[in-house]
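> Numbering (this note's numbering), first residue to last: 1 to 116.
Pasting a structure below so you can have a look.
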Ligand code: 5GP
Ligand code: ZN
């Protein structure tokens, strides 16, 4: 846990969120500013700032993708298709420094990776 981290506060329920999935390791909730019809954030209960820091613990990466696999299989996302995005650092526009994975779907998605 990191004291001033927004997503750690969501994990501790100090800030409310709309939960869609949780298990012992992973928590998922709706993004407050959806960029797709379905826009969910998956986070690990262990605080890391970005995917490179998270990658020092390979199991935590597996925990996230197993949670996404379970959640998407139980909804219609796996059948219809979805996208997973993680932003790291300034050029990618990371604004919350608790590693998170955007799950986007619910309809056709636009092209990604364009310059802004
Ligand atoms: P980033 O830009 O760091 O990749 O993604 C951060 C995401 O967190 C943004 O899509 C933003 O809308 C979302 N977000 C920021 N604050 C809150 C909040 O308090 N609650 C929820 N549910 N999402 C948030
Ligand atoms: Zn955190």
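Each residue gets a CB set at the ideal place from its N, CA and C atoms; glycine is no exception.
All values reported here derive from a predicted model rather than from experimental measurement.
So which residues touch the region around the ligand ZN, with touch meaning a C-beta under 7 Å from any heavy atom?
Checking every Cβ against the heavy atoms of the ligand ZN under 7 Å gives 1, 2, 5, 7, 8, 47, 98.
> Identify the continuous beta strand (DSSP E) that holds residue 74 and give its terminal residues.
Here the question's residue 74 lines up with position 74 in the chain shown. Looking at the DSSP string, residue 74 is not in any beta strand (DSSP E); the run it does join, the alpha helix (DSSP H), is 58–74.
> What is the DSSP secondary structure of residue 6, reduced to helix, strand or coil?
Here residue 6 refers to the residue found at position 6 of the chain shown. Correct three-state label for residue 6: helix.
> From the beta carbon of residue 56, is the nearest beta carbon of chain D less than 9 Å away?
The structure shown has no chain D; it contains just one protein chain.
> Residue 73: buried (16+ other C-beta within 10 angstroms of its C-beta) or exposed?
Counting from 1 along the chain shown, the entry for residue 73 is found at position 73. So residue 73 ends up on the exposed side.
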